[in-house]
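Since the structure comes first, as structure tokens, the remarks are kept for the end.
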Amino acid sequence: MVNNNNSPKVYIETYGCQMNVNDTEVILSILRKEGYERTENMEEASIILVNTCSVRDNAEQRIWGRIEQFKPIRKNNKGTIVGIVGCMAERLKDKLLESHEVDLVAGPDSYRKLPTLIKEASSEHPQIDIILSKEETYDDIMPVRIDKNGVSAFISIMRGCNNVCSYCIVPYTRGVERSRNPRTIVGEAREAFRQGYREITLLGQNVDSYFWRDKETADDDVNFAQLLEMVAQIDPMLRIRFSTSHPKDISDEVIYTMGMYENICKHIHFPVQSGSDRILSKMRRRYTREWYLERVAKIHSVMPECGLTTDIISGFCSETEEDHKQTLSLMEQVGFYYAYMFQYSERPGTLAAKMYPDDVPPEVKTRRLNEIIALQNKLSLKSNENDLGKIMKVLVEGTSKRNAEELCGRASNNKMCVFPDRFPEGFTSYSEFEIPGIVTSGKINIGDYVMVKAVSCTSATLICELV
Ligand code: 5AD
Ligand code: SF4
């Protein structure tokens, strides 16, 4: 491909969680100020960055494979810098530099230094910055959005984590928890809305422990429920989501605030990890099955339609068949509509790696995971079947993958809906009398809100008609 102008180009790949996606947007913003432009063609890039994840061993293995593939580009295009940033940079700095395949290593709190590191990096002098900060929140940086739809944006509200669940590497790669100034969060959300975004997701490793106290005035404390309310009040046409909640920390105040505002989406990602008290205690999750179920009951008592999704780990240290059955029974009891499901992967340096043998044989972990996946498929289908006939408000995100004349978007409960891209001529939607701001005739555009009725479903999608 031909270079259209002379600005240096950066190519960046992102692995891992939504937080990493948002970090990539922060990195692009920092580099843009220095004159770098983003490219999707790594051949024309003067710098290749990989924003990495360490949460499981297979995530890291994939990245080692990728580094191997960058070798020829690094050799051919003289001067192309390959940099590893993110969680794996923090965890494996020495190994990465020893590989002699990378020129730069920068951890999650070092992105402001990237321009300097890039200037000074070369094969002979690889640059490294992995100092974790107690304060960095990148609060003054307006991310360069990399999502394609222009409708949903991520906003980080905090960084790091203080929980130290025994299996988890995150506290070691992302450091201690710190919350971001709420004024800058609201400012960023307002600006996103002005640019046409209609949905923002507030991100943090544990959003329920968000807490801001102004150092100078020492008053006007803001907790997560209050932050949610501040963002919800920006405009009724701006939807709010958030991730991730910790079952031990989600407060009644957060649940009531969600219930009070129509534009706070009725969905909670609520990672349970295991249904067995014995395993939860070894995981250091600091809640019991009973506590978790009580929180679910509270959520449903305030918001009966609230969608719940979860994370589950199979085969954690010492897990027995009975523990595994407890997980399956908890899944059935709650009826999650979606789950992210993983086999336990020992992470060096974590409490579990130090304290407990990784003693569930791989084939048992896999078999249990398969049982969890099979059950979840059933639960997803059942949950979607439950929504048939219901009328839902959907934010239009894009064209359906299967049919160019259909659109897709999510309902408040986060379920994916597919529906026609226009109203039939002469169609009178009853919604126009009921709900302000809803599109009720003609062609529908990305970023519009429409009302739909679910008429059929698969385990992944609600197939809907316009109403
Ligand atoms: N092994 C397997 N899964 C893990 N997760 C975090 N650490 C590990 C690990 N060592 C999962 C948890 C978490 C999600 C982001 O990743 O379920 O909620
Ligand atoms: Fe995100 Fe955790 Fe992976 Fe880091 S280790 S990228 S915080 S999922």
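Each step along the sequence shown adds one to the number in the working numbering, with nothing skipped, and position 442 is 1878. Virtual Cβ for every residue (Gly too), placed ideally from N, Cα, C.
message: Distance check for Lys-1818 and Arg-1804, CA to CA, integer angstroms please.
response: The sequence position of residue 1804 within the sequence shown is 368, counting from 1. The sequence position of residue 1818 within the sequence shown is 382, counting from 1. One C-alpha to the other measures close to 21 Å.
task: Would you kindly work out how many angstroms separate the C-alpha atoms of Met-1437 and Thr-1475, rounded to a whole number?
output: If you number the sequence shown from 1, residue 1437 lands on position 1. If you number the sequence shown from 1, residue 1475 lands on position 39. Confidence is the limiting factor: at Met-1437 the pLDDT is only 39, short of 50, which leaves the residue's position unreliable and the question unanswerable from this model.
- prompt: Pro-1579 to Val-1832, Cα distance in whole Å?
  reply: As a working note, residue 1579 is residue 143 in the sequence shown. As a working note, residue 1832 is residue 396 in the sequence shown. The alpha-carbon atoms of Pro-1579 and Val-1832 are separated by roughly 23 Å.
- request: Consider the C-beta atom of Ser-1681 and the heavy atoms of ligand 1; say whether any pair is separated by less than 7 Å.
  value: As a first step, residue 1681 must be located in the sequence shown, where it is residue number 245. Not so, every heavy atom of ligand 1 lies at least 7 Å from the Cβ.
message: If you follow the beta strand (DSSP E) that Gly-1501 is in, where does it begin and where does it stop?
response: Along the sequence shown, read from residue 1 onward, the residue named residue 1501 stands at position 65. From DSSP, Gly-1501 is part of no beta strand (DSSP E) but of the alpha helix (DSSP H) over 1493-1512.
- request: May I ask whether a heavy atom of ligand 1 can be found less than 7 Å away from the beta carbon of Cys-1523?
  value: If you number the sequence shown from 1, residue 1523 lands on position 87. No, the beta carbon of Cys-1523 sits no closer than 7 Å to any heavy atom of ligand 1.
- prompt: Going by the beta-carbon positions, is the gap between Leu-1764 and Leu-1811 smaller than 8 Å?
  reply: As a first step, residue 1764 is located in the sequence shown; it is residue number 328 there, counting from the start. As a first step, residue 1811 is located in the sequence shown; it is residue number 375 there, counting from the start. Contact flag set, yes.
message: Please give the ranges of any beta strand (DSSP E) in the stretch 1810-1858, keeping only runs that are unbroken, at least 3 residues long and fully inside the region.
response: The qualifying runs are 1827-1835, 1842-1847 and 1852-1856.
message: Between which residues of its own chain and Ser-1848 is the CB-CB distance below 6 Å, once the five residues before and five after are set aside?
response: Residue 1848 sits at position 412 when you count from the first residue of the sequence shown. Excluding sequence neighbours, Ser-1848 sits near Cys-1701 and Lys-1702.
- request: Mind reading off the beta-carbon distance from Tyr-1792 to Ser-1750? Whole number of angstroms is fine, and I expect it under 8 Å.
  value: Within the sequence shown, the letter at position 356 stands for residue 1792. Within the sequence shown, the letter at position 314 stands for residue 1750. 15 Å between Cβ atoms; not a contact.
field: Uninterrupted beta strand (DSSP E) stretches inside the stretch 1733-1785 (no shorter than 3 residues)
entry: 1743-1750 and 1774-1779
- prompt: Ordered along the chain, which non-local residues of its own chain (more than five positions away) have a Cβ less than 6 Å from that of Ser-1443?
  reply: Within the sequence shown, residue 1443 is the residue found at index 7, counting from 1. Gly-1471 and Glu-1473, listed in sequence order.
Status (buried if at least 16 other CB within 10 Å, exposed otherwise) for Met-1719: Taking the first residue of the sequence shown as position 1, residue 1719 is located at position 283. Per the 10 Å Cβ criterion, buried.
- prompt: Does ligand 1 have even one heavy atom less than 7 Å from the beta-carbon of Ile-1749?
  reply: The residue you call residue 1749 lines up with position 313 of the sequence shown. For ligand 1, at least one heavy atom lies less than 7 Å from the Cβ of Ile-1749.
- prompt: Which runs of the alpha helix (DSSP H) spanning at least 4 residues fall entirely within the stretch 1648-1717, listed in chain order?
  reply: 1660-1668 and 1688-1696
task: May I have the straight-line CA-CA distance separating Cys-1601 from Val-1875, to the nearest angstrom?
output: Here residue 1601 corresponds to residue number 165 of the sequence shown, with the count starting at 1. Here residue 1875 corresponds to residue number 439 of the sequence shown, with the count starting at 1. Their backbone Cα atoms lie some 45 Å apart in a straight line.
- request: To the nearest angstrom, report how far apart Lys-1790 and Glu-1635 are at their CA atoms.
  value: Counting from 1 along the sequence shown, the entry for residue 1790 is found at position 354. Counting from 1 along the sequence shown, the entry for residue 1635 is found at position 199. Going from the Cα of Lys-1790 to the Cα of Glu-1635 covers about 42 Å.
Unbroken beta strand (DSSP E) run spanning His-1891, endpoints: Here residue 1891 corresponds to residue number 455 of the sequence shown, with the count starting at 1. Looking at the sequence itself, residue 1891 is Val, so the reference to His does not match. Note, Val-1891: beta strand (DSSP E), 1885-1893.
- request: Taking Glu-1534 as the reference, give the member of Ile-1503, Pro-1508 and Lys-1549 with the closest Cα.
  value: In the sequence shown, counting from the first residue as 1, residue 1534 sits at position 98. The shortest C-alpha separation from Glu-1534 is found at Ile-1503.
message: Spatial neighbours of Asp-1545 within its chain, please: C-beta separation below 6 Å, excluding the five flanking residues on both sides.
response: Position 109 of the sequence shown, counted from the start, is the residue given in the question as residue 1545. Only Leu-1568, Ser-1569 and Glu-1572 meet the Cβ criterion.
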